[in-house]
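One structure is given below, encoded as structure tokens.
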Amino acid sequence: MKLIQSLLCTAAVLLCTTSTAQTMMPETDFDPAIPTFEQVLGYKAGQRISSHHQMMRYFAALQQAAPERIKVVEYARSWEDRALIYAAIGNQEQISNLQGFADDMQRISDPRNLSRSARDSLLANLPASVWLEYSVHGNEISGTDAAMYTAYYLLAAKSNPLIDRIRKNTLVFIDPLQNPDGRERFTSRYYATVGMQPSDDRYSAEHNEPWPNGRTNHYLFDMNRDWLAITQPETKGRIAALNKFKPLVVVDLHEMGGDSSYYFAPAAEPFNPHMTPTQIDNMNSIGRNHANHFDTMGFDYFTREIFDAFYPGYGDSWPVFYGASASTYEVSSSRGEVFKRKNGERLHYFDTVQQHVVASLSTAEGTAINRQKLLKDFYQYQVDAIAAGKKSKQRVFILPNQEDRAGNHRLATLMAEHGVEVWQATEEFKACGERYTAGAYYIDSAQPRGRFVTTTFSDQVDMAKAFLDEQERRRSRYLRDQIYDVTGWSLPLMFNLQSATCDNAIDVASKRVAADDQLAASIEVSDQAVAYVVPWGDMSAVRFLSAALQQGIRVKSADRGFTLEGNQSFPGGSLVIEVARNDQQIASKVIEIAKRTGAVVESISSSWVIDGPSLGSGSMPELVAPKIAMAWDEPVSSTSAGNTRFVIERQMGYPVTAIRTSQMSRADLSRYHVIVLPDGYYNSGLASSLKEWVADGGILVTMDGATRFAATADNGLLNVSREYAVKEQSGSAPEGPQTDGSLIESKADMMALIDQTQSSPDWVSGVLANVEVDQEHWLTAGVKKDAIALLSGNNIYTPIRLDSGVNLAWFKGKDELLASGYLWEENKRQLAYKPFLIQQPIGKGMVIAFTQEPTFRAYMDGLNVLFANTILRAPAHSRKLR
Numbered sequence: 004m005k006l007i008q009s010l011l012c013t014a015a016v017l018l019c020t021t022s023t024a025q026t027m028m029p030e031t032d033f034d035p036a037i038p039t040f041e042q043v044l045g046y047k048a049g050q051r052i053s054s055h056h057q058m059m060r061y062f063a064a065l066q067q068a069a070p071e072r073i074k075v076v077e078y079a080r081s082w083e084d085r086a087l088i089y090a091a092i093g094n095q096e097q098i099s100n101l102q103g104f105a106d107d108m109q110r111i112s113d114p115r116n117l118s119r120s121a122r123d124s125l126l127a128n129l130p131a132s133v134w135l136e137y138s139v140h141g142n143e144i145s146g147t148d149a150a151m152y153t154a155y156y157l158l159a160a161k162s163n164p165l166i167d168r169i170r171k172n173t174l175v176f177i178d179p180l181q182n183p184d185g186r187e188r189f190t191s192r193y194y195a196t197v198g199m200q201p202s203d204d205r206y207s208a209e210h211n212e213p214w215p216n217g218r219t220n221h222y223l224f225d226m227n228r229d230w231l232a233i234t235q236p237e238t239k240g241r242i243a244a245l246n247k248f249k250p251l252v253v254v255d256l257h258e259m260g261g262d263s264s265y266y267f268a269p270a271a272e273p274f275n276p277h278m279t280p281t282q283i284d285n286m287n288s289i290g291r292n293h294a295n296h297f298d299t300m301g302f303d304y305f306t307r308e309i310f311d312a313f314y315p316g317y318g319d320s321w322p323v324f325y326g327a328s329a330s331t332y333e334v335s336s337s338r339g340e341v342f343k344r345k346n347g348e349r350l351h352y353f354d355t356v357q358q359h360v361v362a363s364l365s366t367a368e369g370t371a372i373n374r375q376k377l378l379k380d381f382y383q384y385q386v387d388a389i390a391a392g393k394k395s396k397q398r399v400f401i402l403p404n405q406e407d408r409a410g411n412h413r414l415a416t417l418m419a420e421h422g423v424e425v426w427q428a429t430e431e432f433k434a435c436g437e438r439y440t441a442g443a444y445y446i447d448s449a450q451p452r453g454r455f456v457t458t459t460f461s462d463q464v465d466m467a468k469a470f471l472d473e474q475e476r477r478r479s480r481y482l483r484d485q486i487y488d489v490t491g492w493s494l495p496l497m498f499n500l501q502s503a504t505c506d507n508a509i510d511v512a513s514k515r516v517a518a519d520d521q522l523a524a525s526i527e528v529s530d531q532a533v534a535y536v537v538p539w540g541d542m543s544a545v546r547f548l549s550a551a552l553q554q555g556i557r558v559k560s561a562d563r564g565f566t567l568e569g570n571q572s573f574p575g576g577s578l579v580i581e582v583a584r585n586d587q588q589i590a591s592k593v594i595e596i597a598k599r600t601g602a603v604v605e606s607i608s609s610s611w612v613i614d615g616p617s618l619g620s621g622s623m624p625e626l627v628a629p630k631i632a633m634a635w636d637e638p639v640s641s642t643s644a645g646n647t648r649f650v651i652e653r654q655m656g657y658p659v660t661a662i663r664t665s666q667m668s669r670a671d672l673s674r675y676h677v678i679v680l681p682d683g684y685y686n687s688g689l690a691s692s693l694k695e696w697v698a699d700g701g702i703l704v705t706m707d708g709a710t711r712f713a714a715t716a717d718n719g720l721l722n723v724s725r726e727y728a729v730k731e732q733s734g735s736a737p738e739g740p741q742t743d744g745s746l747i748e749s750k751a752d753m754m755a756l757i758d759q760t761q762s763s764p765d766w767v768s769g770v771l772a773n774v775e776v777d778q779e780h781w782l783t784a785g786v787k788k789d790a791i792a793l794l795s796g797n798n799i800y801t802p803i804r805l806d807s808g809v810n811l812a813w814f815k816g817k818d819e820l821l822a823s824g825y826l827w828e829e830n831k832r833q834l835a836y837k838p839f840l841i842q843q844p845i846g847k848g849m850v851i852a853f854t855q856e857p858t859f860r861a862y863m864d865g866l867n868v869l870f871a872n873t874i875l876r877a878p879a880h881s882r883k884l885r
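Counting from 1, position 395 in the sequence shown corresponds to residue 398 in this note's numbering; the numbering is continuous, with no gaps.
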């Protein structure tokens, strides 16, 4: 190729700097019928940071100019009612037959229903497909403008062999903005902060966003970690679209620190063992293609060093488990229009957009060149997944559906939403010597999504031994480990559900579970009822309580289980709605709420209790409709605040008032029954007002860093201490400018001598841990004895003394503690029998402290009932005047 201006400068629409670097393709003309940025938006690509509204305008203009070659589809609405779209770009035949393409991809993704001749025809004639998704983190800004220019280039470039090849045999899907709410938060604040001219100073206000920054969506979720739980509407819509088209290559484009360069595949270790070598090789091949273009363009890049492919809940890892080849790209971020790097270079927004465009076009090129191989590899993935399932000793995963109806239903429908075949038995059956009742769910891993089933339902997914050995070696040298994210994510464990496995297929009358199946209520309402009882212990009961309290229904809750005459038994926490204490419409209200929430309702015709608290007992208090406040804004962790608010508001259905932490110390808190402090780094100035409020009858719920704040001796809210790491030392550290001579006999002795200072335990990225729950306290009513908690960070606390409070849940012994993931041995030993949940009375109220986050990513569903006890049932046990 001859020396010419850089690729993107060939279009008059981009800001250009003269370059002598070779382009990645010969210079091209552009179709004037396709509108440029400047014609539609009034500025050139990379000159300004486009808003969601401007992005929508530009894609609408592209579709209007070339409707036969681009189709823009809305696939979801954000919490703040902004549209999320994808644009399908191809030739006229492809765009006119998008549904036919989707149907053909469904056919090729299931070899069980495909003849050899149909397979061969599909492999020969189907176009390749690539899905490019941008800006899942709203303040990773270059992705959206890069998406817009990539679409322009694919539509406008004329007589270009590479673009012609892409157009001929490849469908390109562009998801230009995965997080519109977060981007709007960023762009509005950025342009409100910029002065006379953009500043390149990393300490300038425009480069430092206020709380919460634009990374997260409305509920402050990091949506790149929501692919496993699918809690947010943006994720739900995107997964539905990917499940429809099953693109062969999926790339998630991000930003990283402004002093970095550009990252693409190969990914770092560890790899998820249920990925295939072929998928990894395909992305490595596309990575090599990028390297050629980046060398030509003179762009620095790196591979392999960070951003692993182990956790299956990312935007670049989830598609792997339907058979795609997928990867993350990261560009250095200007976090504005210009940024001065530590080496003195000025990084312009244009530079970051340009590099993402080059990588995007290179990805489409690599997909087009390897069309036939990618299609064959995709088909073979399905064949091999089915075969692996048939050979597995854990072929079928079974959810008996006996203890937690709502939890089992939620998990079954979640897996269906992922695209997994899930079945519910309509009659009793036997599997591997065990009997199961009708209603049990089961998933056979001998299906195309079998590898996803295995990696999400197995108790343990191991990282490679060589990688773990290297992490232990690094720790021995006091170096930071290279574990990037959580290492335990077994869904049955996270839901705290009983599950079983069988190595044989199950033959029983069954119905296929759909993602939108509703949990059916079980309602027994009698004209002779003296009360209606809702058994406590699952989220349908929690949602029932939430709705009932908001409707003004008078509800009692049993602190302990009770049995009525005739051996009608109910667990602790069960809700009692007495007919005489409510209005004449109570029956119809109970039925309506039960149908909406899927709850179980039983009528009782007599209040005579033969065991446990009577209906009029002090151990069956009437619940108050609590007013709940939550600490908001700095120094609260934004994700912890958002996740917790989401769990309360959207999963439990109860409203929360967010109060800025800076105002809490002077606000009138007396109107609130419960205050929740999410994880964060609180300052001591808040302690005195909170302590006074608790003593007056308030319920203070703390999590993780907030528990650390409460446990600080000067704050006086929680009488426990945070522990330093336990260390085995073999010598004394030298003190003063000179000390007595000593002999060091080994390297181990030397390491012990230099590590004599008190320090925190080693950081844990995230594992699932076994917790034992006290069964004799009203706060744990309806919660099973054994629970699973997400354990991360390095906070470990002493148990509370009996004269101060109660340890309600604690980590199990060191040999039983780890449920899933990888945990340092030192942490196992030190965490054993240390508290997970603590209650301490103060005056008329109490502090309820979680040492970890029960609402982490809103995917620890198995802890929701325990958390609900602290905010919906606890106020009935304070002595606060109502």
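Glycine included, C-beta positions come from ideal geometry on N, C-alpha and C.
The structure displayed is predicted, hence computed values, not measured ones.
Whole angstroms is fine: what's the gap from residue 264's alpha carbon to residue 90's?
28 angstroms
What alpha helix (DSSP H) runs, 4 residues minimum, are completely inside the stretch 626 to 653?
641 to 649
In this structure, how does DSSP classify residue 592 when only helix, strand and coil are distinguished?
helix
With DSSP run on the structure shown, which of helix, strand or coil describes residue 130?
coil
Ordered along the chain, which non-local residues of its own chain (more than five positions away) have a Cβ less than 6 angstroms from that of residue 286?
268, 328, 330
Take residue 536 as the anchor and find which of 803, 668, 593 has the nearest alpha-carbon.
593
In this structure, how does DSSP classify residue 514 when only helix, strand and coil are distinguished?
strand
Can you tell me the Cα-Cα spacing of residue 548 and residue 525, whole angstroms?
16 angstroms
Whether or not the stretch 641 to 653 and the stretch 568 to 586 are in contact is what I'm after, with contact meaning three or more pairs of Cβ atoms, one per stretch, closer than 8 angstroms; do they touch?
no
Whole beta strand (DSSP E) runs in the stretch 682 to 727 with 3 or more residues, listed along the chain?
702 to 706
Can you pull the DSSP bridge partners for residue 796?
767
Of the choices 532, 251, 494, 563, whose alpha-carbon is the least far from that of residue 865?
494
Through-space distance from residue 464 to residue 275, alpha-carbon basis
8 angstroms
Straight-line CA distance for residue 875 to residue 837?
26 angstroms
Considering only C-alpha positions, which residue in the set 123, 210, 85, 130 is nearest to residue 100?
130
C-alpha gap between residue 834 and residue 863, whole angstroms
20 angstroms
Give me whichever residues DSSP pairs with residue 844 in a beta bridge.
849
Below 8 angstroms, how does it come out for the stretch 354 to 366 and the stretch 277 to 294: are there three or more Cβ pairs, yes or no?
yes
Quick one: any contact between the stretch 378 to 396 and the stretch 295 to 314, if contact means 3 or more CB pairs under 8 angstroms?
no
Let me confirm a value: residue 15 is counted as buried when at least 16 other C-beta atoms fall within 10 Å, else exposed. Which label applies?
Any reading at residue 15 needs caution, since the residue's pLDDT is 33, under 50, leaving its predicted position unreliable; the model's value is listed next. Flag for residue 15 reads exposed.
Tell whether a beta-carbon distance below 8 angstroms holds between residue 563 and residue 790.
no
Let me know if residue 781 comes out buried or exposed under the rule of 16 or more other beta-carbons within 10 Å of its beta-carbon.
buried
Got a sec, what are the start and stop residues for the beta strand (DSSP E) residue 78 sits in?
73 to 80
In the structure shown, what three-state DSSP assignment does residue 170 receive?
helix
Segments of 3+ residues assigned as beta strand (DSSP E) that fall wholly inside the stretch 310 to 389:
328 to 335, 341 to 343, 349 to 351
If I measure Cβ to Cβ from residue 624 and keep anything under 8 angstroms in the same chain, skipping five residues before and after, which residues do I get?
559, 560, 562, 879, 880
Would you mind stating whether residue 150 and residue 177 have Cβ atoms separated by less than 8 angstroms?
yes
Please report how far the alpha carbon of residue 818 lies from the alpha carbon of residue 461, in whole angstroms.
19 angstroms
Bridge partners of residue 258, per DSSP?
334
Would you say residue 531 and residue 451 are within 8 angstroms of each other, going by their C-beta atoms?
no
Going along the chain, which residues of its own chain have a beta-carbon closer than 6 angstroms to the beta-carbon of residue 341, five neighbours each way excluded?
201, 203, 349, 351
Output the distance between the C-alpha atoms of residue 877 and residue 555, rounded to the nearest integer angstrom.
18 angstroms
Tell me the DSSP bridge mates of residue 89?
76
Where the beta strand (DSSP E) through residue 506 begins and ends
Careful: residue 506 lies outside any beta strand (DSSP E) and carries neither H nor E.
Short of 7 angstroms in beta carbon distance, which residues of its chain neighbour residue 24, apart from the five on each side in sequence? Order them along the chain.
Its pLDDT being 30, under 50, residue 24 is placed unreliably in this model, and the coordinates cannot settle the point.
Could you pull the start and end residues of the beta strand (DSSP E) that residue 499 belongs to?
It is not in any beta strand (DSSP E) - residue 499 carries neither H nor E in the DSSP assignment.
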